[in-house]
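Asks: To start, I am sharing the structure in question, which I have written as structure tokens.
Residue numbers (our numbering): 2 to 754.
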């Protein structure tokens with residue numbers, strides 16, 4: 002027996018030396034002998050050049066080579082019987098999976114080189130993931146050394162990863178320039194380590210700047226700015242390369258640009274860094290239609306257009322904005338936007354509950370309720386669904402987890418859904434963060450018959466109860482209510498935890514609250530959010546102009562969260578009033594606001610505009626006569642037009658996704674819809690009244706252009722328009738209807754410019 006063990010030990014020793022492990026022979030033999038007496042397990046006292054810690058040294062290897070990624074062993078069911086936590090978010094689970102499962106096949110202490118942990122990734126044994134590491138590489142030596150040392154879970158006094166940093170953080174690159182990133186890990190004992198080799202990299206704009214697995218960033222020849230994410234063991238840092246447009250623009254050019262408020266200053270500063278020059282300002286006609294559609298959700302009447310265009314006051318645009326913000330239509334238009342985000346399916350939660358919910362939102366906008374109060378009343382809502390529409394939020398979202406995802410995404414711009422099951426792959430949020438936040442909703446009680454789709458007609462009452470808890474699904478631990486960061490007000494037994502949460506969310510010290518709202522409003526007015534998607538604020542998805550987002554959020558806070566004041570600030574800027582026509586140095590720009598980005602009219606805005614222009618109102622089921630499309634309280638109210646132009650699908654849960662794209666269906670609908678034809682050709686319609694008036698053909702043409710485009714026709718358009726009336730065999734009414742139909746079927750009508 003002794004002779005056989007000696008022969009095996011000599012063979013093991015030669016194999017280890019062939020891997021160039023710097024191990025003293027006397028230490029090795031001591032470990033081997035100890036292993037024999039302890040059932041072939043190598044103790045952690047194994048001596049080597051440097052100690053190996055599982056979390057610090059081993060887990061990064063799995064993450065770097067994709068072993069614990071979603072397509073491999075990190076997916077929910079694992080791969081071929083071997084499962085790891087996604088991206089190493091649960092080190093205890095991973096350690097047990099390696100050392101305690103698989104009957105010792107994955108790590109073989111008696112002969113470490115035969116461990117599947119080593120033979121699979123090196124290709125010695127068949128491996129679905131292919132060959133991942135080299136036997137002569139440092140990763141193989143590290144893994145082998147860890148097995149030889151007895152697979153220690155954690156070394157005594159091992160430092161914890163505190164953060165990572167990236168160098169450089171910002172850099173101007175040539176269009177085809179190359180930049181090597183360097184990532185440094187900073188530990189709790191103030192030590193540092195270069196971890197570039199084990200860092201994962203990802204570009205949010207690979208068409209502008211790409212990055213490879215080694216952290217080498219390459220410009221793609223396109224002007225713009227990218228964010229390169231560096232992720233190491235759950236910690237994230239971002240490098241932002243900027244690629245200016247070739248050629249130089251003098252500083253005097255930017256200094257001479259108009260500046261009406263801080264928005265202009267910060268946009269011009271960004272454009273100067275990119276060497277992009279903005280388009281010229283838009284005409285009064287463009288500004289008129291743009292601001293009408295943005296603020297009150299309709300196009301101006303011919304008389305309103307004529308009045309503004311004939312106004313010679315220097316401050317006419319400012320006065321127009323103030324007048325529109327005072328219009329009752331402002332509240333209907335903007336509450337319709339928020340209804341998209343909050344409105345549930347009435348067949349699920351009940352028609353009366355959804356009607357009351359919609360009425361509550363509209364009442365808040367009619368009162369110009371401060372945004373922080375709006376959110377506090379929603380988050381801490383209580384009472385009956387028949388009396389307080391805000392509680393419908395809790396009728397629709399019935400579990401603490403469901404409430405967590407909607408509230409964090411709507412009011413903080415933080416998408417926590419991933420952290421419900423595992424560590425967020427692109428952020429710092431973990432399961433502990435998710436379920437601690439969910440604990441704020443554990444004491445929401447309810448009384449009533451609940452949901453009974455497809456009717457759900459009963460009343461339900463929501464209130465705060467004394468008991469209730471949320472447990473961590475993996476550990477079983479009862480989670481105390483805790484905000485995602487910072488400190489929340491203390492909760493006692495008599496306090497509804499949601500009251501404390503609502504104060505934390507709406508606090509001026511919470512950087513996410515104001516930012517996500519100003520980003521939504523900016524996206525509505527400017528055609529693109531500073532952050533896209535608008536409700537996904539994170540380090541790895543930075544704003545295209547971070548300084549501007551900060552400044553807008555600060556200004557919003559200083560106005561005590563007045564949404565009208567925010568709209569007034571944006572529309573007062575020169576940037577808002579830029580032309581959409583590109584110039585030679587901004588044709589490529591789609592995110593830095595060097596020109597106005599055209600948007601297709603919102604479905605409700607377009608239908609209301611057609612009704613106004615034709616003089617024939619739309620009729621909707623479940624609505625009073627004369628109701629406008631933006632006043633609809635549910636997407637369940639039928640309308641082929643609204644469905645064709647992208648209003649939310651009522652069969653979704655929740656029905657909140659709206660499409661702004663143009664489609665062939667939309668073009669065909671404008672050209673062939675029987676309902677639109679009836680409006681244009683109605684005997685009581687505006688076209689018939691114009692044709693029957695004493696106006697000449699030139700006046701009719703001008704009136705049609707003012708109604709549809711909010712501008713007068715140019716000389717060529719006048720000639721073409723009057724030519725329709727002069728066509729042989731065409732009556733005045735036919736000519737008026739044909740011209741009106743033609744104008745509606747043009748991009749100038751369909752798009753807000």
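Glycine residues also receive a C-beta, built at the ideal position from the N, C-alpha and C atoms.
The model shown is predicted, which means the values in this text are computed figures rather than measured ones.
Where are the beta strand (DSSP E) runs, 3 residues long or more, that stay fully inside the region 675-706, in chain order?
Replies: none
Asks: Just to confirm my understanding: we take residue 736, look at its own chain, exclude 5 residues before and 5 after, and list those with CB closer than 6 angstroms. What are they?
Replies: 725, 726
Asks: Roughly how far, in whole angstroms, is the beta-carbon of residue 332 from the beta-carbon of residue 363, given that I think they are within contact range, below 8 angstroms?
Replies: 6 angstroms
Asks: Going by other Cβ atoms of all chains shown within 10 Å of its Cβ, with 16 needed for buried, is residue 662 buried or exposed?
Replies: Exposed, by the Cβ-count rule.
Asks: Less than 7 angstroms between C-beta atoms, sequence neighbours within five positions excluded: which residues of the same chain meet that for residue 513?
Replies: Shown here for residue 513: same chain residues with a beta carbon closer than 7 angstroms to its own, the five before and five after excluded, namely 413, 414, 415, 538 in chain order.
Asks: Helix, strand or coil for residue 195 per DSSP?
Replies: strand
Asks: Can you tell me whether DSSP reads residue 247 as helix, strand or coil?
Replies: coil
Asks: Sort out for me which residues DSSP pairs residue 480 with in a bridge.
Replies: 471
Asks: Out of 548, 546, 522, 688, which has the shortest C-alpha to C-alpha gap to residue 1?
Replies: Any property of residue 1 remains undetermined from this structure, which presents the chain solely from 2 to 754.
Asks: Which of the three DSSP states is assigned to residue 231 in this structure?
Replies: strand
Asks: Roughly how many angstroms lie between the CA atoms of residue 645 and residue 751, to the nearest whole one?
Replies: 13 angstroms
Asks: So which of 525, 319, 441 has the shortest CA-CA distance to residue 497?
Replies: Among 525, 319, 441, the Cα nearest to that of residue 497 is on 441.
Asks: When DSSP builds the beta bridges, which residues end up paired with residue 187?
Replies: 164, 193
Asks: Around the Cβ of residue 215, are there at least 16 other Cβ atoms within 10 angstroms (buried) or fewer (exposed)?
Replies: exposed
Asks: Drop a sphere of 10 angstroms on the beta-carbon of residue 600, count the other beta-carbons inside from all chains shown, and report buried for 16 or more, exposed for fewer.
Replies: buried
Asks: Between residue 341 and residue 309, is the Cβ-Cβ spacing less than 9 angstroms?
Replies: no
Asks: Could you give the residue range of the alpha helix (DSSP H) that holds residue 501?
Replies: 498-506
Asks: Determine, using beta-carbon pairs with one atom in the region 179-194 and one in the region 157-168, whether at least three such pairs fall under 8 angstroms.
Replies: yes
Asks: Would you call the CB atoms of residue 519 and residue 554 closer than 9 angstroms?
Replies: yes
Asks: Going by alpha carbons, who is nearest to residue 236 out of 126, 131, 202, 607?
Replies: Nearest Cα to residue 236 within the set 126, 131, 202, 607: 202.
Asks: Going by the DSSP bridge assignment, what does residue 721 pair with across the sheet?
Replies: Answer is none; residue 721 lacks a bridge partner.
Asks: Mind the definition here: the region 395-409 touches the region 436-452 only if three or more C-beta pairs lie below 8 angstroms; say whether that holds.
Replies: yes
Asks: Who pairs with residue 85 in a beta bridge, going by DSSP?
Replies: DSSP output for residue 85 lists no bridge partner at all.
Asks: The beta strand (DSSP E) that contains residue 201, what's its start and end?
Replies: Boundaries of the beta strand (DSSP E) around residue 201: 201-204.
Asks: According to the neighbour-count rule (16 or more other Cβ atoms, all chains shown, within 10 Å of its Cβ), is residue 716 buried or exposed?
Replies: exposed
Asks: Residue 529 to residue 544, Cα distance in whole Å?
Replies: 11 angstroms
Asks: Please list the segments of the alpha helix (DSSP H) lying wholly inside the region 262-308, counting only runs of 4 or more residues, in order along the chain.
Replies: Listed in chain order, the complete alpha helix (DSSP H) runs (minimum 4 residues) inside the region 262-308 are 263-275, 285-297.
Asks: For the beta strand (DSSP E) that residue 465 lies in, which residues bound it at each end?
Replies: Counting along the chain, the unbroken beta strand (DSSP E) around residue 465 starts and ends at 461-465.
Asks: Between the C-alpha atoms of residue 720 and residue 705, what's the straight-line distance to the nearest angstrom?
Replies: When the Cα atoms are used, residue 720 and residue 705 turn out to be separated by approximately 14 angstroms.
Asks: Can you grab the Cα-Cα spacing for the pair residue 746 / residue 633, in whole Å?
Replies: 25 angstroms
Asks: Given that a residue counts as buried once 16 or more other Cβ atoms are within 10 Å of its Cβ, and exposed if not, what is residue 678?
Replies: Exposed: under 16 other Cβ atoms inside 10 Å.
Asks: Is the region 193-208 touching the region 273-281 in the sense that three or more CB pairs, one from each, lie closer than 8 angstroms?
Replies: no
Asks: For a quick check, are the C-beta atoms of residue 602 and residue 350 less than 9 angstroms apart?
Replies: Result no, Cβ atoms of residue 602 and residue 350 do not sit closer than 9 angstroms.
Asks: Please classify residue 542: does DSSP put it in a helix, a strand, or coil?
Replies: strand
Asks: When we look at the beta-carbon of residue 686 and count the other beta-carbons within 10 Å, is it buried (16 or more) or exposed?
Replies: buried
Asks: Name the DSSP bridge partner or partners of residue 385?
Replies: 462
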